[in-house]
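The sequence shown begins at 31 in the working numbering and counts up by one.
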Amino acid sequence: MDTLLNLQALPSGAAIGGPAVALGGITLFFIRKYVEDQKKKSSGFPPPPEVPGLPVIGNLLQLKEKKPHKTFTKWAAEYGPIYSIKTGSNTMVVLNSNNVAKEAIGEDVKSIYVEELGTTLSRQEIFKILVIDPMEGAIDVDWRDFFPYLKWIPNKSFENKIRRMHFHRQAVMKALIEQQRKRIASGTIAINIYGCNMDQRVWESPDEWKPERFLNAKEDTTELHKTMAFGSGKRACAGALQAMLISCVAIARFVQEFEWRLKEGEEANVDTLGLTTHKLHPLLTIIKPRNAG
31 MDTLLNLQAL PSGAAIGGPA VALGGITLFF IRKYVEDQKK KSSGFPPPPE VPGLPVIGNL
91 LQLKEKKPHK TFTKWAAEYG PIYSIKTGSN TMVVLNSNNV AKEAIGEDVK SIYVEELGTT
151 LSRQEIFKIL VIDPMEGAID VDWRDFFPYL KWIPNKSFEN KIRRMHFHRQ AVMKALIEQQ
211 RKRIASGTIA INIYGCNMDQ RVWESPDEWK PERFLNAKED TTELHKTMAF GSGKRACAGA
271 LQAMLISCVA IARFVQEFEW RLKEGEEANV DTLGLTTHKL HPLLTIIKPR NAG
């Protein structure tokens, strides 16, 4: 009787809860693995090299250092400019080449099928709907803008033209967004800007400070975008022209007007950390105006 009471006192989940949870976790792991393998096969493209990692957690322990960009670059030398890593249950493709990154950021659209219009549009037709038609619509004249009393007189032809223009534009934009969403899922691609900028196939001695490389005729101004500093495609930095012109002049003026030196005992440390290139350790400098003579 005591034995029976002791058994009844035990929680029902205590005996089977642990093994059941473990079995369920293992089952879900293999189901997810199977689904990912099927997606890779159905895509028609060979999967990129995969950096070996641990079960379940993947490569998380290999990324625990404070400079993951250098880890990505080191892996690129071993596995190539494009490879995949596991961050827990997620798979991420890391790009370390300018050409590969620019192709991933955006590709030239030759044509697209717009479901709401029921037709396939060429690149020229897309440009007309998204750019030319809105510009022409902005300068179309409606006499009601000049003579308010005419607003009581309907002008259906003009209104229908604007509505049709807006509908076509919305339909094409939706189709373009859906196409990109199917091609690249959110959060599946990481671009290692540091690795792109330190590519020895593009730059000679990229780890050396050589500003004179941009002063010779061999490097064209447009080639500065090889650094990926301004992004590419539709995601290119809108302030690239300002950075190329105004910022360079501003920095040159600072150097021309002031003498710069580090604080006593201070050493140059350009390490950065984070989503942006803020310095990891603030740089303390001493400046004084240069002699006018």
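All C-beta atoms, glycine included, are put in the ideal place defined by N, C-alpha and C.
Listed in chain order, the non-local C-beta contacts of K140 below 7 Å within the same chain comprise R153, local neighbours out to five positions each way being set aside.
Closest by C-alpha distance to E145, out of K181, R320 and K204, is K204.
Excluding sequence positions up to five before and after I156, its CB lies within less than 7 Å of the CB of V139, I142 and V202, all in the same chain and listed in chain order. Across the structure, N185 and E208 are spaced so that their CA atoms are roughly 35 Å apart. In the three-state DSSP reduction, E145 falls in the coil class, being neither helix nor strand. Leaving aside the five residues that flank Y224 on each side, the residues in its chain whose CB is nearer than 8 Å to its CB run, in chain order, H99, K100, F102 and T103. The three-state reading of DSSP puts W233 in coil, since its state is none of H, G, I, E or B.
Its Cα nearest to that of W182, the residue R174 stands out among R174, L245 and F188. With a cutoff of 8 Å on beta-carbon distance, L151 and R199 are scored as not near each other. Per DSSP, reduced to three states, the secondary structure at L314 is coil, with no helix or strand assignment.
For I159, there is no enclosing alpha helix (DSSP H), as DSSP marks it with neither H nor E.
Distance check between R231 and each of P111, M274, G269 and L313 places P111 closest, using alpha-carbon atoms only. Apart from sequence neighbours up to five positions away, the residues of its chain that approach V130 with a beta-carbon distance below 7 Å are P111 and I112, ordered along the chain.
When secondary structure is reduced to three states using DSSP, V130 falls in the helix class.
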